[in-house]
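For this note's numbering, add 361 to where a residue sits in the sequence shown, where the first one is 1.
Notes for the one structure printed next.
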Amino acid sequence: MVVFGRVQGVSYVVTAPSFEGPIDLLLHLVSTHERDVLEIPLAPLVDAFVAQLVADRASLTMDALSEFLLVAAILVELKSQRLLPGPDEVDDDEELGGWEERDLLLGRLLECQAYAAAADAFVALSEQAALSIPREAGLDEGFVVHAPDLLAGVAPEVLAQAYLRATAERPAPRVDLSHVTVDRVTVAEAVEELAHRLPGGGPTSFRELTRHLTTRIEVIVRFLALLELCKLGKVSLGQGRSFGDLQVAWVAEERLAVGVGAGLVLDDYDG
């Protein structure tokens with residue numbers, strides 16, 4: 362007599378004359394040749410499992426059912442191969458490997474069936490779309506937007522003038538350099554000029570020194586030259602009131618020797 366039971370947290374337990382324990386352990390013992398599958402009565406085992414399912418239908422889970430069906434199917438296949446005529450010795454590991462390949466093939470077949478079902482769905486959508494009839498009459502008169510006539514008002518004379526303008530010789534490009542500042546005088550030259558002009562001439566103003574200049578850059582250069590002479594202690598600069606004229610006076614005792622080879626060191630000004 363075979364007794365089947367379920368223990369909490371453990372797989373189904375089989376109690377048979379030649380074995381007692383979980384059913385997955387039974388499969389392991391059979392596959393490792395520690396138990397002979399011919400000694401295990403499979404029909405009473407299945408009957409006992411069905412009876413157990415009827416009794417415990419409320420607590421039945423899909424995982425437990427699939428676990429038993431998988432183990433029972435493997436045991437039935439092993440026992441049927443042992444009972445049918447065939448080679449005297451069969452390697453169970455090779456058979457289990459073949460079953461794994463069979464499962465892979467079955468999985469590929471199921472995948473192909475899924476793709477075939479998707480293709481059938483697309484065909485159904487295409488057939489359904491083919492039943493639709495598109496509108497071919499066009500827009501109603503009130504919604505039609507006519508393109509403008511691009512040649513309206515274009516006379517042969519206008520076209521000829523446009524051709525002459527397009528083929529006329531283009532004037533040579535001219536680059537406007539009026540905004541470019543050209544340094545006509547340097548600070549060193551302005552210092553040399555003031556060093557010859559200021560001694561012996563008495564006090565004067567910056568306005569008088571720059572009255573003859575015409576560009577702003579020349580005035581700026583003269584102002585920088587005065588700052589250089591003031592830094593050297595040769596001139597004094599003063600302003601009687603705010604925004605008044607800048608007074609310039611030569612204070613050196615001798616005339617400043619400037620020019621080439623004079624050894625005068627001046628700051629460089631860029632821009």
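Where a beta carbon is used, it is the ideal one built from N, C-alpha and C, also for glycine.
8 Å Cβ cutoff met for residue i and residue j
{"i": "Thr575", "j": "Arg583", "result": "no"}
{"i": "Val552", "j": "Leu590", "result": "yes"}
{"i": "Val612", "j": "Lys595", "result": "yes"}
{"i": "Pro564", "j": "Ala533", "result": "no"}
{"i": "Leu430", "j": "Val391", "result": "no"}
{"i": "Leu555", "j": "Leu587", "result": "yes"}
{"i": "Leu388", "j": "Lys440", "result": "no"}
According to DSSP, residues forming a beta bridge with residue i
{"i": "Gly563", "result": "In DSSP, Gly563 forms no bridge with anything."}
{"i": "Val437", "result": "None; Val437 has no bridge partner."}
Endpoints, the alpha helix (DSSP H) within which residue i is located
{"i": "Val546", "result": "Looking at the DSSP string, Val546 is not in any alpha helix (DSSP H), and its letter there is neither H nor E."}
Which of helix, strand or coil DSSP assigns to residue i
{"i": "Val609", "result": "strand"}
{"i": "Pro383", "result": "strand"}
{"i": "Gly599", "result": "strand"}
{"i": "Arg531", "result": "coil"}
{"i": "Phe483", "result": "helix"}
{"i": "Glu614", "result": "coil"}
{"i": "Arg526", "result": "helix"}
{"i": "Phe410", "result": "helix"}
{"i": "Glu472", "result": "helix"}
{"i": "Pro517", "result": "helix"}
{"i": "Glu497", "result": "coil"}
{"i": "Leu467", "result": "helix"}
{"i": "Val633", "result": "Since the displayed the chain opens at 362 and closes at 632, residue 633 lies outside it and no answer follows."}
{"i": "Gly370", "result": "Here the model assigns Gly370 a pLDDT of 41, short of 50, so the residue's position is not dependable and the matter cannot be decided."}
{"i": "Gly632", "result": "In this prediction, Gly632 scores a pLDDT of 47, lower than 50, which makes its location untrustworthy; the coordinate-derived value is nonetheless stated afterwards. Here Gly632 sits in coil by DSSP."}
{"i": "Ser427", "result": "helix"}
{"i": "Ser392", "result": "helix"}
{"i": "Val432", "result": "helix"}
{"i": "Pro405", "result": "helix"}
{"i": "Arg443", "result": "helix"}
{"i": "His573", "result": "coil"}
{"i": "His557", "result": "helix"}
{"i": "Val552", "result": "helix"}
{"i": "Leu538", "result": "coil"}
{"i": "Leu399", "result": "helix"}
C-beta neighbour in chain D for residue i, strict 8 Å
{"i": "Leu525", "result": "Note that chain D does not occur in the displayed structure, where there is just one protein chain."}
Span of the beta strand (DSSP E), counted from its first residue to its last, around residue i
{"i": "Val582", "result": "Not the beta strand (DSSP E): Val582 falls in the alpha helix (DSSP H), residues 577-592."}
Member of the options whose CA lies at the smallest distance from the CA of residue i
{"i": "Val432", "options": "Gly468, Pro495, Leu406", "result": "Leu406"}
{"i": "Gln600", "options": "Arg568, Lys592, Arg496", "result": "Arg568"}
{"i": "Asp397", "options": "Gln442, Gly503, Ala485, Glu461", "result": "Gln442"}
{"i": "Leu559", "options": "Leu500, Ser597, Leu470, Asp408", "result": "Ser597"}
{"i": "Glu428", "options": "Asp501, Pro383, Pro495", "result": "Pro383"}
{"i": "Leu511", "options": "Val505, Leu520, Asp537, Ala416", "result": "Leu520"}
{"i": "Val548", "options": "Ile578, Leu426, Asp408, Arg469", "result": "Ile578"}
{"i": "Leu403", "options": "Asp417, Thr393, Glu438", "result": "Glu438"}
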